[in-house]
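Visitor: Heads up: the sequence lines are chains W and A, in that order. Residues in the first sequence are numbered consecutively from 77, following our numbering. Residues in the second sequence are numbered consecutively from 77, following our numbering. Mind having a look at this structure? Questions to follow.
2 protein chains.
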Amino acid sequence: MAAHAEELFAALADPTRWRVLNLLAERGEGTATTLAGELPVSRVAVVKHLAVLDRARLVESRRRGREVRYTVRPEPLTATARHLAAIAHEWDERLAVIKRLAEEGE
Amino acid sequence: MAAHAEELFAALADPTRWRVLNLLAERGEGTATTLAGELPVSRVAVVKHLAVLDRARLVESRRRGREVRYTVRPEPLTATARHLAAIAHEWDERLAVIKRLAEEGE
DNA sequence: TAAATGTGTAACCCTGCGGTGACACGACGA
DNA sequence: TCGTCGTGTCACCGCAGGGTTACACATTTA
């Protein structure tokens, strides 16, 4: 598994981060301050979450004057979806081979 | 996002757990002791990892006399892959709508 | 220019998690 | 029957992560 994939899974493992992503997807964009206004956590907490999401490339930030607007980035999700499907397929094949060998062995 | 989905992402966020899953997929099955023999961690650590993977339904355990053999389960991966692809698709549509609105607004 | 508003960041708290060693229990083989 | 071997579990350690408050800095606007 690629190293940054684990970073992405870790990013997706937190419920607050999913709420941030959902809010951004619904509204199109948002700042740390506006997001904190709709969440039960402080702005600083939101900033930290956005930093994690940014490292995982799940959000994009554009400076707009004195504020920083964040947008959602779907690409890592589609890439990870393909990745997981491929691994599951490998496992399936492996299990099929083992099952066949076991039946021959009887 | 479903609650146990975050449990699954958390399970996938650890490198040692991926090594456990890979070993199980390669060999078809394994016990906590045999796995610990091929990993740089103790048996107790492997047991804990297997417990996490079991809660996420990524492995299956069958008692065989005095030992417990673990097998890999691909289903959660395929399910999560579909889930992520669907979410990414939603985001894509949302972004397309917003982009169109922005262009009309000019 | 001064007030207001948003961001950046430092210091700190507490919980969870990955890891360890030690020991008790149960099942198998000699 | 007794030693062996695998599992289960308890107590503990260190650190990263999610959370907070407080304060300094930058940019807009009245």
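For each residue, glycine too, the CB sits at the ideal point set by N, CA and C.
1. Can you tell me whether W/Glu-136 is helix, strand or coil according to DSSP?
2. Can you give the beta carbon distance from W/Trp-120 to W/Val-135, rounded, assuming they're within the 8 Å contact cut?
3. If I'm right that A/Val-117 touches A/Thr-92 with Cβ under 8 Å, what's the distance once you round it to whole angstroms?
4. Starting from the beta carbon of A/Asp-168, find every residue of chain W whose beta carbon is closer than 7 Å, and list them in chain order.
5. In chain W, which residues lie with their C-beta within 8 Å of the C-beta of A/Gly-104?
6. Assuming W/Thr-147 is part of the beta strand (DSSP E), what are its boundary residues?
7. If contacts are defined as beta-carbon pairs under 8 Å, then W/Val-24 and W/Thr-110 qualify, I think. What distance do you get, rounded to the angstrom?
8. Please decide whether W/Ala-164 counts as near chain A, where near means a Cβ-Cβ distance under 8 Å.
Guide: Taking the coordinates as given:
1. Within the first sequence, numbered from 1, the residue matching residue 136 of chain W stands at position 60. Correct three-state label for W/Glu-136: strand.
2. By one-based count along the first sequence, residue 120 of chain W stands at place 44. By one-based count along the first sequence, residue 135 of chain W stands at place 59. It should be noted that the sequence gives Val, not Trp, for residue 120 of chain W. Taking C-beta atoms under 8 Å as the contact rule, W/Val-120 and W/Val-135 fail to qualify, at a distance of about 17 Å.
3. One-based indexing of the second sequence puts residue 117 of chain A at position 41. One-based indexing of the second sequence puts residue 92 of chain A at position 16. Correct: roughly 6 Å between the Cβ atoms.
4. In the second sequence, residue 168 of chain A corresponds to position 92, counting from 1. Chain W residues near A/Asp-168: Pro-150.
5. The residue labelled residue 104 of chain A in the question sits at position 28 within the second sequence. When 8 Å is used as the limit between beta carbons, A/Gly-104 is near these residues of chain W: Arg-170, Leu-171, Ile-174, in chain order.
6. As a working mapping, residue 147 of chain W is identified with position 71 in the first sequence. Going by DSSP, W/Thr-147 is part of the beta strand (DSSP E) stretching over 143-148.
7. It is not possible to answer for residue 24 of chain W, since the shown part of chain W is limited to 77 through 182.
8. Walking along the first sequence from the start, residue 164 of chain W turns up at place 88. Interface residue, yes.
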